[in-house]
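K.L.:
Sequential numbering of the sequence shown, starting at 79, is according to our numbering. Backbone N, C-alpha and C define an ideal beta-carbon position, used for all residues, glycine too. Right, I'll just put the structure down here and ask away after.
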Amino acid sequence: MDIYAFPPVAAILDAAYAVLMQITALLEPLTGAAAAAASVLLITLLVRAALVPAGVSQAKAEQTRSRLAPKLRDLQKRYGRDRERLQRETMRLYADEGTSPFAGCLPLVAQAPVIGVVYALFAFPAIAGHANALLSETLLGVPLGASLVGSIAAGTATAPTFAVFGALIVVIAVAAELTRRAFRPPVTAGADASPLASAGFARAVGALQFTTAVVALFVPLAAAIYLATTVVWTLVQRVILRRRYPLAAP
Numbered sequence: 079m080d081i082y083a084f085p086p087v088a089a090i091l092d093a094a095y096a097v098l099m100q101i102t103a104l105l106e107p108l109t110g111a112a113a114a115a116a117s118v119l120l121i122t123l124l125v126r127a128a129l130v131p132a133g134v135s136q137a138k139a140e141q142t143r144s145r146l147a148p149k150l151r152d153l154q155k156r157y158g159r160d161r162e163r164l165q166r167e168t169m170r171l172y173a174d175e176g177t178s179p180f181a182g183c184l185p186l187v188a189q190a191p192v193i194g195v196v197y198a199l200f201a202f203p204a205i206a207g208h209a210n211a212l213l214s215e216t217l218l219g220v221p222l223g224a225s226l227v228g229s230i231a232a233g234t235a236t237a238p239t240f241a242v243f244g245a246l247i248v249v250i251a252v253a254a255e256l257t258r259r260a261f262r263p264p265v266t267a268g269a270d271a272s273p274l275a276s277a278g279f280a281r282a283v284g285a286l287q288f289t290t291a292v293v294a295l296f297v298p299l300a301a302a303i304y305l306a307t308t309v310v311w312t313l314v315q316r317v318i319l320r321r322r323y324p325l326a327a328p
């Protein structure tokens, strides 16, 4: 079943299409042929601005987890052989502190529907039964509905295609590397270290920072613009909030 054909989802998609077309029309006198791309950028910034409170909550949750790290290590030492007891005591500790291991996940969850809508707006030739005019929009001659991998497979990739996608992927990769270096999880050595603090886990988390760059190879250009803008915003926001809510000393 095509989820985008489900009536409520189709209605949301059609409303988003109408909003994006209106913003594109407003920006066209200023940005010309890049108006639709500028609209995607503007919408991304608006979404990220709306999620700033969630980002603050995430920073506070990271600060709380760093403060609780010594207590969590103590629980690991005491109940490491009893996984069920360890889980109960860990959840009790978080409950006593008025938080949870999943606190701060809202920014990731909240963005999933947005990127899904952006993807759909530039992936389907028809929206709610009418032609999708957004597919005719371009950025530097590259259709916003084209993906890099799809263009290569179809033999339609041009120099501007590689240049535009290449620039976005470089931005995403650089932001990912800066994020990895600035926010790498602490590694606790020793036999009593928690699995979540192991060197292997730290390397895995670092590698995950670059998955967005891989995703950008396969999604429409409009979605890649959204992803690049998001990772840069996220990096800057985390740097600012980390200074406001510093982690406890290990």
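Whole angstroms are fine: how far does the CA of valine 130 sit from the CA of alanine 326?
P.N.:
22 Å
K.L.:
Report the option in Ser225, Val192, Ala111 whose CA atom is closest to the CA atom of isoleucine 247.
P.N.:
The shortest C-alpha separation from isoleucine 247 is found at Ser225.
K.L.:
When the distance is taken between beta carbons, is glutamate 175 closer than 9 Å to threonine 216?
P.N.:
no
K.L.:
In chain order, what residues of the same chain lie with their CB nearer than 6 Å to the CB of phenylalanine 288, ignoring the 5 residues before and after it?
P.N.:
Ala254
K.L.:
Rounded to the nearest angstrom, what separates proline 85 and arginine 322 at their Cα positions?
P.N.:
Approximately 44 Å, taken between the alpha carbons.
K.L.:
Identify every residue that forms a DSSP beta bridge with valine 329.
P.N.:
Only positions 79 to 328 of the chain appear in the structure, and residue 329 is not among them; the question remains open.
K.L.:
Can you tell me whether arginine 126 is buried or exposed? The criterion is at least 16 other CB atoms within 10 Å of its CB, across all chains shown.
P.N.:
buried
K.L.:
With DSSP collapsed to three states, give me the class of alanine 251.
P.N.:
helix
K.L.:
Exposed or buried, serine 117, counting other C-beta atoms within 10 Å across all chains shown (16 or more means buried)?
P.N.:
buried
K.L.:
Please work out which residues of its chain come closer than 7 Å, Cβ to Cβ, to asparagine 210, disregarding the five sequence neighbours upstream and downstream, and give them in chain order.
P.N.:
Phe202, Pro203, Ala204
K.L.:
Using only the alpha-carbon positions, how far apart do glutamine 136 and leucine 120 sit?
P.N.:
24 Å
K.L.:
Could you give the uninterrupted runs of the beta strand (DSSP E) lying entirely in the segment 115-187, keeping only those of 3 residues or more?
P.N.:
none
K.L.:
Could you please give me the residues that DSSP links to alanine 209 through a beta bridge?
P.N.:
Ala204.
K.L.:
Proline 298 and leucine 222: beta carbons closer than 9 Å?
P.N.:
yes
K.L.:
By the three-class DSSP mapping on this structure, what secondary structure does serine 229 have?
P.N.:
It is helical.
K.L.:
Between phenylalanine 200 and alanine 301, is the Cβ-Cβ spacing less than 9 Å?
P.N.:
yes
K.L.:
Going by the beta-carbon positions, is the gap between arginine 163 and tyrosine 172 smaller than 9 Å?
P.N.:
no
K.L.:
Can you give me the C-alpha to C-alpha distance between glutamine 165 and alanine 94, rounded to a whole angstrom?
P.N.:
43 Å
K.L.:
Count the other CB atoms within 10 Å of the CB of proline 324; is the residue buried (16 or more) or exposed (fewer)?
P.N.:
exposed
K.L.:
Kindly list the residues whose CB is nearer than 6 Å to the CB of leucine 98, restricted to its own chain and excluding five residues on each side of it in sequence; keep chain order.
P.N.:
Ser117
K.L.:
The alpha helix (DSSP H) spanning tyrosine 304 covers which residue range?
P.N.:
That run of the alpha helix (DSSP H) goes 299-322.
K.L.:
Beta-carbon separation of valine 196 and threonine 257 under 9 Å?
P.N.:
Inclusion of valine 196 and threonine 257 in the CB contact set at 9 Å is not warranted, their separation being larger than that value.
K.L.:
Given alanine 114, which residues of its chain have a CB within under 7 Å of its CB, disregarding the five upstream and five downstream residues?
P.N.:
Thr102, Leu212, Glu215, Leu222
K.L.:
Report the option in Ala190, Leu319, Gly233 whose CA atom is closest to the CA atom of tyrosine 304.
P.N.:
Ala190
K.L.:
Suppose the cutoff is 8 Å on Cβ atoms and the five residues either side in sequence are ignored; what does the same chain contact list for valine 242 look like?
P.N.:
Taking valine 242 as the centre and dropping the five residues before and after it, the same chain places the C-beta of Leu217, Leu218, Val220, Leu299 closer than 8 Å to its C-beta, in chain order.
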